[in-house]
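J.:
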Amino acid sequence: VLVAPYLPMLFMGEEWSEPARFQYFVSHTDAELAEAVRKGRKEEFKAFHIEGEAPDPVSEETFKVSKLQWNLLEEGRNKTMLQFYKTLIQLRKDHAALRNLNRKTITVDFSEEDQTLFLHRRHEASEALCLMNFSKEPKSINRVKADEWTIVLDSADPKWGGAGAATIDNNTVRLKGESIVILTNGKPTDFIVTI
């Protein structure tokens, strides 16, 4: 979402992999309205879930289990994920091609067979490639000249908790499974963000 040419919306702790599931809750003081909401949620829940009961939207417990766990920001994979999101946001702010919201300057190619997405964004002389692998298996994209592009972000890099960084040589980028690699046509130091 953060490399798309739109204003991104992050949902309730997404940027640090918040494990608490957001439950719908209300604090209506009108008993009839509260009961109507409760019944409506039960009906709605049936359409989406085969088993179980809808969490009671009026219950204080439903509210409590939906609260963000702010202490998770300080350690482990949650802290790493927050740093990753900050880096993505900084790249988006600093790199002209990623800031550009004009959809006419974008090329997108999706391979159903390989489950890879090639997103090329441009703004004047500034360019960025966002290569995404949705498959669990490593994949290669053969459309990138190594001497013209620099990897500035790789979600598979061990510093982000990944299994190993992508490689680029000749015209091929080798992506790890379920990863994104962002490349720019700038010098390596132009857009590498340290947070």
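Our numbering numbers the first residue of the sequence shown as 246 and each following residue consecutively. No residue lacks a Cβ here, since even glycine has one placed at the ideal position from N, Cα and C.
#1: Residues in the same chain with beta-carbon distance under 8 Å from Thr-412, minus the five sequence neighbours each way, listed in chain order, please.
#2: For a test of the three-state rule: what should DSSP assign to Phe-293, helix, strand or coil?
#3: Run through DSSP, which three-state label would Lys-349 get?
#4: Within the same chain, show all residues whose beta-carbon is closer than 6 Å to that of Cys-375, passing over the 5 residues directly before and after it, in chain order.
#5: On the criterion of 16 or more Cβ atoms from any shown chain inside 10 Å, does Phe-355 qualify as buried, or is it exposed?
#6: Let me check one thing: in DSSP terms, what residues is Ser-356 bridge-paired to?
#7: For a minimum of 4 consecutive residues, which ranges assigned as the alpha helix (DSSP H) are wholly contained in the segment 279–333?
#8: Output needed for Gly-409: all residues of its chain with C-beta closer than 7 Å, excluding positions within five of it in sequence on either side, in chain order.
#9: If Pro-276 sits next to Lys-287, beta carbons under 8 Å apart, how far is it from one beta carbon to the other, in whole angstroms?
#10: In the DSSP assignment, find the beta strand (DSSP E) that holds Leu-398 and state where it starts and stops.
#11: Would you check if the distance between the CB atom of Ala-341 and the CB atom of Glu-382 is smaller than 8 Å?
#12: Which first and last residues belong to the alpha helix (DSSP H) in which Ala-342 is found?
#13: Apart from the five residues on each side of it in sequence, which residues of its chain come closer than 7 Å, Cβ to Cβ, to Ala-391?
#14: Which value, in whole angstroms, describes the spacing of the CA atoms of Leu-255 and Phe-290?
#15: Quick check on DSSP: helix, strand or coil for Ala-373?
#16: Please list, in chain order, all residues of the same chain as Pro-253 whose beta carbon is under 7 Å from its beta carbon, the five residues on each side excluded.
T.: This is what the structure gives:
#1: Counted from its first residue, the sequence shown places residue 412 at position 167. Excluding sequence neighbours, Thr-412 sits near Val-418, Arg-419.
#2: Position 48 of the sequence shown, counted from the start, is the residue given in the question as residue 293. Residue state, collapsed to three classes: helix.
#3: On the sequence shown, residue 349 is found 104 positions in, with the first residue counted as 1. Correct three-state label for Lys-349: helix.
#4: As a position in the sequence shown, residue 375 is number 130, starting the count at 1. For Cys-375, where only same-chain residues beyond five positions count, the Cβ hits under 6 Å are Val-248, Leu-364, Ile-427.
#5: The sequence position of residue 355 within the sequence shown is 110, counting from 1. Exposed, by the Cβ-count rule.
#6: Residue 356 sits at position 111 when you count from the first residue of the sequence shown. Ser-356 pairs with Thr-361.
#7: 305–310
#8: If you number the sequence shown from 1, residue 409 lands on position 164. Here the set comprises Ala-401, Pro-403, Lys-421.
#9: Position 31 of the sequence shown, counted from the first residue, corresponds to residue 276. Position 42 of the sequence shown, counted from the first residue, corresponds to residue 287. It should be pointed out that residue 276 corresponds to Ala in this sequence rather than to Pro. No, Ala-276 and Lys-287 are not in contact; Cβ-Cβ is about 17 Å, not under 8 Å.
#10: Residue numbering aside, residue 398 sits at position 153 when the sequence shown is read from its first letter. Taken as a continuous stretch (DSSP letters only), the beta strand (DSSP E) holding Leu-398 covers 395–399.
#11: Taking the first residue of the sequence shown as position 1, residue 341 is located at position 96. Taking the first residue of the sequence shown as position 1, residue 382 is located at position 137. At the C-beta level, Ala-341 and Glu-382 stay beyond 8 Å of one another.
#12: As a position in the sequence shown, residue 342 is number 97, starting the count at 1. Taken as a continuous stretch (DSSP letters only), the alpha helix (DSSP H) holding Ala-342 covers 341–344.
#13: Within the sequence shown, numbered from 1, the residue matching residue 391 stands at position 146. Within the same chain, Ala-391 has close Cβ partners Ile-413, Asp-414, Asn-415.
#14: Translated into positions along the sequence shown, residue 255 becomes position 10. Translated into positions along the sequence shown, residue 290 becomes position 45. Each residue's alpha carbon lies about 24 Å from the other.
#15: If you number the sequence shown from 1, residue 373 lands on position 128. Ala-373: strand per DSSP, three-state reduction.
#16: Translated into the one-based positions of the sequence shown, residue 253 becomes position 8. In its chain, beyond the 5 residues on either side, Val-246, Leu-247 have a beta carbon closer than 7 Å to the beta carbon of Pro-253.
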